[in-house]
Ligand SMILES: Nc1ncnc2c1ncn2[C@@H]1O[C@H](COP(=O)(O)OP(=O)(O)OP(=O)(O)O)[C@@H](O)[C@H]1O
Ligand SMILES: Nc1ncnc2c1ncn2[C@@H]1O[C@H](COP(=O)(O)OP(=O)(O)OP(=O)(O)O)[C@@H](O)[C@H]1O
Ligand SMILES: [Mg+2]
Ligand SMILES: [Mg+2]
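Protein chains in written order, with the working numbering: chain A, 1 to 306; chain B, 1 to 503; chain C, 1 to 393; chain D, 1 to 393.
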């Protein structure tokens with residue numbers, strides 16, 4: 001990559017520029033992403049950052065193109081969707097721009113570093129946790145998220161798990177849009193429909209909070225438990241405090257974006273990109289971990305927005 | 001033409017039309033003969049427009065049949081009617097504000113070249129038609145900027161552009177001054193010579209008697225009388241009026257009593273950019289001052305300027321000798337000035353709302369205690385319905401469903417209900433039948449005698465002459481002269497209005 | 001002559017259908033849902049009082065907004081900003097409340113941070129001063145202590161309500177100002193608001209949530225209701241008629257009176273049906289219009305604080321999303337003309353219920369996630385279509 | 001006599017300002033952005049040809065939609081469904097293309113699955129038959145082979161374009177039908193469409209994305225352009241005038257002619273300005289209206305397939321979100337009257353550019369994420385406000 005060499009030598013001359021492109025906050029988790037990204041950026045004042053959020057792939061492509069015009073040396077991208085972003089990422093790479101790809105991979109290996117959270121594992125692990133907790137039998141309701149690839153990955157993975165337990169009866173699946181109000185509404189309807197529910201697979205902690213309230217109001221706390229996901233601080237707190245309705249949670253830490261930002265900064269900042277990159281793994285998988293009362297404390301960040 | 005007159009061009013048998021809340025046509029039968037001018041008269045709400053709308057394919061009859069030159073027809077839409085050679089000038093001008101005069105005239109029939117509208121030919125054709133109706137504006141003008149009368153001229157030009165064999169005119173002259181009316185009559189003459197059949201609706205009986213070969217009289221949705229070629233010349237205005245209203249009518253201008261003293265309204269050096277230039281005059285209490293002029297003389301603009309509805313480029317308005325700063329209609333109304341606008345559809349009425357709501361629009365405060373007391377509203381409205389002979393099933397009827405003339409009466413009622421110190425009326429009796437005109441004249445007279453001052457803008461010259469204490473004549477936005485009733489004659493006024501030196 | 005007319009008035013079918021149309025649509029919808037549930041799922045929970053009350057509670061918030069929207073649309077305008085405004089107002093309400101309730105804690109936290117910073121400086125290392133709470137908020141906290149306003153929970157709640165209403169009303173007034181004095185199309189002004197108000201909420205909440213520092217008291221209203229004696233949803237849990245619904249119905253009633261029998265209401269119709277004529281009739285069009293948008297704002301504020309109370313939190317990014325579309329849909333389904341001039345509150349209330357039933361129906365019939373949009377869209381259109389076809393042209 | 005009048009019309013300032021207003025707004029916006037970038041960031045990338053071309057490419061898609069929206073709004077209607085329709089059409093386009101290109105593979109996969117199933121049955125265990133591709137799609141694949149349509153990549157692309165256009169045009173026609181024959185308010189019909197079309201896309205894609213099986217050929221158009229000789233954005237990467245922009249401008253030009261100098265165009269204005277008058281003039285109002293919505297659909301289809309080509313994929317849940325609002329904003333910013341009757345394509349094009357500049361400005365001035373909505377909202381309103389205030393009432 002001759003183009004790269006050029007950039008690498010040119011770099012020290014001026015402040016390094018890094019662009020961070022992430023999805024717009026349309027629910028708690030994405031809001032958390034923005035928060036963590038900013039937090040990480042302020043820790044590298046020596047870098048000239050620019051942050052852009054996009055509510056759809058087209059906007060995100062535009063953002064990245066703008067960053068290229070600004071002449072960024074590196075990009076940190078959490079793609080709204082994989083496929084649409086691949087061409088533009090490719091274009092960036094051809095220009096010798098260093099790319100850290102977080103959470104949602106491109107269709108082609110265009111990223112210098114790919115740092116992913118595993119949505120399938122997310123679905124699988126949380127589902128297994130729920131199934132075990134149910135003792136392999138009982139009735140279950142599923143709250144899905146904003147319909148999109150992430151949601152599909154998680155739900156399909158979870159359903160595969162539940163299929164393996166013939167005595168677990170799935171009463172219904174409705175979208176709660178990873179959102180508290182919707183979680184509340186949908187859960188109310190489920191409660192009105194079904195006389196006994198053993199567990200709620202809520203997939204997301206915003207949805208969980210809504211569902212929890214609905215259950216409280218119907219006075220059926222003792223009947224069932226809920227498992228959400230993503231490790232929102234309040235929910236982690238509940239787990240920590242051994243809330244009977246919230247036996248556990250599963251991480252999908254928005255802080256992963258911070259990791260991406262740090263990586264990018266440390267690779268690019270002092271012009272030793274080529275050298276540093278040598279010692280950098282191309283693919284980092286952030287495991288999704290179960291949060292239980294035992295380990296909850298390690299996942300509790302009271303000052304985070306999420 | 002003689003033999004063609006034998007077989008009727010158009011035959012209507014037992015046509016009936018009922019609207020929710022009104023019976024417009026009850027078993028109407030009549031025959032229209034080719035190459036003749038048929039007058040159609042009747043009280044407001046008699047069913048004239050509805051009948052014509054059926055012929056023009058806008059309304060569909062409930063029962064009965066229409067036979068056009070031997071073939072029974074049932075028009076589904078205006079296109080069908082036009083296809084079979086029927087064109088109509090509607091009582092309410094219906095033009096597209098955002099298009100030009102030319103585009104309006106040929107709307108739906110634009111000349112095209114390779115699929116593109118051919119503007120040159122469009123304008124040429126339009127210009128020709130505008131000349132025929134002797135209009136003072138070009139084809140490229142946007143209709144939005146035209147006055148009501150000018151719009152009417154566009155409608156006429158549009159209607160003749162179809163060169164139809166049956167041309168229906170629903171009160172074409174209601175807002176035209178004698179000058180344009182004259183031009184229209186000549187036009188009708190030419191059309192008649194070309195063998196065009198014409199149905200002419202009007203409340204101006206002298207016109208009808210002068211113009212028409214036959215006269216059909218309608219009442220309560222029925223054809224009551226038909227006067228043929230021989231009877232028409234022998235009929236007087238009084239008799240015709242009697243046939244319409246079903247009772248004899250007196251000479252309809254009540255005698256005027258002397259105007260009072262003291263200036264109710266004084267206007268000094270009033271100007272509106274492009275329309276009105278340095279107009280000054282006073283209106284005394286108990287006086288009616290008439291404003292005559294040709295179309296575009298700027299009378300409406302002047303009135304609107306007084307009301308604060310138009311930007312004044314200069315001028316002061318004083319009420320009861322005190323200067324008032326009028327910036328909006330609200331200021332004017334607060335100062336006691338009322339303005340009955342000439343465009344009842346555009347600026348006068350809320351057609352979708354009930355008669356009562358419209359009548360009390362200005363005086364609503366009086367019916368609030370604190371909530372609107374609808375019973376009172378309705379009673380007050382019924383008062384006007386009876387007094388002005390408004391044909392409406394009740395106060396809650398939507399004004400839009402009333403006949404043109406009845407709408408006009410509602411508009412008048414609305415402004416009387418405000419009981420203003422100074423009332424400016426612009427074409428107050430537009431489309432109103434003589435019976436009701438009588439009432440209105442008497443009413444105005446009474447109010448004036450009680451001390452109200454009135455500015456009467458009207459294109460009906462004898463109305464102006466008959467009612468006013470003084471007659472102001474405007475021309476091209478300038479106030480030419482103010483004549484006293486005594487020496488205000490038709491010729492004199494017309495001379496000043498047209499700007500020809502007095503003989 | 002008048003007699004036959006009075007008669008024929010009774011048979012004014014189009015008007016009848018127009019009035020009853022929405023009602024019929026609602027009944028059909030409920031019936032169909034109940035039947036389908038029986039046939040497909042061999043259950044009948046849909047018609048349970050509990051579920052009906054759920055629907056009522058869930059849609060009272062949209063309902064309150066829709067009432068305001070009815071005035072806006074009748075006046076010939078539209079307001080797309082309500083959803084964002086609702087979130088913004090509710091959020092700021094909670095924010096104020098928390099500031100007041102947590103005043104002392106908040107001041108102490110900052111004091112600590114400063115102390116630490118001072119020590120660092122003394123120790124020669126210059127980390128930046130990071131206050132856990134913004135200085136502005138700190139000063140507000142000081143105020144709320146000195147003025148004794150709401151460091152106690154109840155007072156805090158009152159403060160929340162006030163703040164939300166003030167913010168929302170002001171925002172509505174601003175919309176009105178731009179539309180009347182600025183003569184900018186309502187669609188554009190409120191489209192701007194749609195973007196702006198949410199952005200403000202997110203900026204304050206840093207993209208996150210506003211969480212009530214007073215769960216029980218603040219939350220009790222939105223979640224609570226009036227217990228129906230002798231009725232229980234579960235042992236110990238009485239069946240409750242939801243508070244938000246009571247508020248909604250009261251507002252709707254007041255609005256109906258306002259629209260039908262006050263000058264204001266009359267003028268709103270007049271402006272919507274023919275603005276020029278309204279001007280000529282000496283109506284203060286600008287004042288009526290801005291009043292209308294201000295009222296809309298105020299109602300959005302009420303909805304906002306109630307949603308906040310309902311969930312004891314407001315998600316700056318999500319709360320109230322698409323409320324504007326639901327509200328407008330409800331209004332039009334209720335028979336109000338989109339072009340303005342005529343319409344009624346009763347219809348709107350029914351429109352809201354129709355939306356509510358659709359929402360719950362999708363759930364009770366287990367309509368697949370991806371097809372819900374299709375079903376909802378089709379039902380809305382059909383609901384209106386039936387009304388129209390009912391009337392002959 | 002008519003001299004003064006003709007005069008008073010020649011100096012019709014409001015009209016002049018109305019015409020030039022958007023242009024001025026655009027110029028001011030660009031200037032301000034460029035200056036601010038220099039002052040705040042000591043850089044000047046904003047005015048680079050590359051960036052200008054980026055803006056043009058990014059907003060050509062909204063632009064194409066906005067052109068159609070101009071007709072819809074002038075005719076007195078509105079179309080909220082375009083964003084969803086765009087996604088739906090683009091998605092189905094890709095879906096068809098893939099079906100054709102992958103035909104053989106797809107058939108084999110299913111064949112294998114069946115074989116396996118048969119073996120299982122033989123072996124006595126009865127797992128359900130799970131086809132990797134739906135049977136419907138399989139039969140389509142068979143067809144595309146037998147008819148020789150597009151198992152080759154180029155033919156596949158052609159198929160994609162056709163499919164997208166057919167779907168979108170039909171959808172638009174359907175909107176028109178419901179609005180004219182069904183007499184349902186455009187807002188409601190297209191609100192239904194907004195929900196329905198996207199839902200269809202999601203149902204087909206299972207909530208995921210449609211990925212082009214032909215990256216290079218299919219993607220080349222949307223991402224490519226006409227190279228400007230001698231200009232490079234980076235070594236080896238020539239500066240290109242974007243293809244989508246060329247399409248956009250051609251469409252805009254054609255539309256301008258259509259609107260100003262064909263009968264159809266005149267009738268659209270007439271209907272929007274005074275429908276009754278149009279009816280009286282024997283214009284087939286229903287036909288003109290449904291033509292307009294059909295045209296809107298067709299253009300949404302073009303935009304859809306171009307977005308798909310640009311990104312070589314369509315995200316069923318996200319692609320085209322909020323396009324409807326952007327398009328409407330562009331139209332109104334361009335000076336078209338929201339109530340219909342008058343407006344122009346030129347204005348719309350400028351309106352689109354204004355939106356584009358705002359979008360890129362937010363990035364180049366590094367406006368904080370959460371405040372972007374606020375800034376964008378304010379600028380849009382101000383842009384229109386300036387035009388209005390320019391004219392005296
Ligand atoms: N759209 C409608 N809905 C209900 N009633 C209507 C409608 N149009 C007309 N009518 C009624 O039909 C009757 C006849 O109306 P029409 O307009 O034909 O009277 P007209 O003879 O034209 O009166 P004018 O001389 O005032 O124009 C009136 O009572 C009117 O109220
Ligand atoms: N908004 C406008 N812009 C430009 N010219 C206008 C506008 N409104 C009216 N005019 C012109 O001003 C002139 C005066 O119109 P106006 O209606 O006052 O005449 P008038 O004396 O009332 O005649 P009419 O008998 O029609 O009432 C007309 O030629 C009209 O075309
Ligand atoms: Mg009539
Ligand atoms: Mg006049």
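Glycine included, each C-beta is placed from N, C-alpha and C at the ideal position.
It should be emphasised that the depicted structure is a prediction, and the values quoted were computed from it without experimental measurement.
Asked                                                                                                                                                                              : Found
Can you tell me the Cβ-Cβ gap for residue 16 (chain B) and residue 64 (chain B), rounded? I've got them flagged as a contact below 8 Å.                                            : 6 Å
Given residue 478 (chain B), which residues of its chain have a CB within under 6 Å of its CB, disregarding the five upstream and five downstream residues?                        : 277
Does the beta carbon of residue 344 (chain C) sit closer than 8 Å to a beta carbon anywhere in chain B?                                                                            : no
Could you compute how far the alpha carbon of residue 362 (chain B) sits from the alpha carbon of residue 50 (chain B)?                                                            : 31 Å
Can you tell me the Cβ-Cβ gap for residue 181 (chain D) and residue 286 (chain D), rounded? I've got them flagged as a contact below 8 Å.                                          : 7 Å
In chain order, what residues of the same chain have a beta carbon less than 8 Å from the beta carbon of residue 303 (chain A), not counting five sequence neighbours either side? : none
Would you kindly check if the distance between the Cβ of residue 474 (chain B) and the Cβ of residue 299 (chain B) is under 8 Å?                                                   : yes
Please state the DSSP three-state secondary structure of residue 368 (chain B).                                                                                                    : strand
Taking Cβ positions only, does residue 373 (chain D) come closer than 8 Å to chain C?                                                                                              : yes
From the beta carbon of residue 370 (chain D), is the nearest beta carbon of chain C less than 8 Å away?                                                                           : yes
Given the structure, does residue 345 (chain B) come close to ligand 1, in the sense that its CB is under 7 Å from one of the ligand's heavy atoms?                                : no
Just to check, is the beta-carbon of residue 152 (chain B) closer than 7 Å to a non-hydrogen atom of ligand 1?                                                                     : no
Name, in chain order, the residues that DSSP records as bridge partners for residue 166 (chain B).                                                                                 : B:86, B:197
One question on the structure: do residue 123 (chain A) and residue 176 (chain A) come within less than 8 Å of each other, judged by their Cβ atoms?                               : no
Is the beta carbon of residue 139 (chain A) closer than 8 Å to that of residue 104 (chain A)?                                                                                      : no
Check whether chain D comes within 8 Å of residue 97 (chain B), counting only Cβ atoms and requiring the distance to be less than that.                                            : yes
Where residue 432 (chain B) and residue 343 (chain B) are concerned, what is the direct C-alpha to C-alpha distance, given to the nearest angstrom?                                : 14 Å
If you draw a straight line from the alpha carbon of residue 10 (chain B) to that of residue 245 (chain B), how long is it in whole angstroms?                                     : 27 Å
Can you tell which of C:173, C:107, C:152 has the C-alpha that lies nearest to the C-alpha of residue 132 (chain C)?                                                               : C:107
List, in order along the chain, the chain C residues whose C-beta lies closer than 8 Å to that of residue 266 (chain D)?                                                           : Going along chain C, no residue has its Cβ under 8 Å from residue 266 (chain D), so there is no contact; the nearest lies around 22 Å.
Starting from residue 310 (chain A) and walking both ways along the beta strand (DSSP E), at which residues does that stretch end?                                                 : This structure leaves residue 310 (chain A) out entirely; chain A is present only between 1 and 306.
Which same chain residues, not among the five before or five after residue 126 (chain C), have their C-beta less than 6 Å away from its C-beta?                                    : none
Name the chain A residues that come within less than 7 Å of residue 45 (chain C), Cβ to Cβ?                                                                                        : 192, 193
Give the interface partners of residue 202 (chain C) over in chain D, defined as CB-CB distance under 7 Å, in chain order.                                                         : 370
Based on the DSSP secondary-structure assignment, which residues constitute the bridge partners of residue 117 (chain B)?                                                          : B:112
CB of residue 404 (chain B) to nearest heavy atom of ligand 3: below 7 Å?                                                                                                          : yes
So, under 8 Å CB-CB, residue 244 (chain D) and residue 57 (chain D) are touching, yes? Tell me the CB distance rounded to an integer number of Å.                                  : 6 Å
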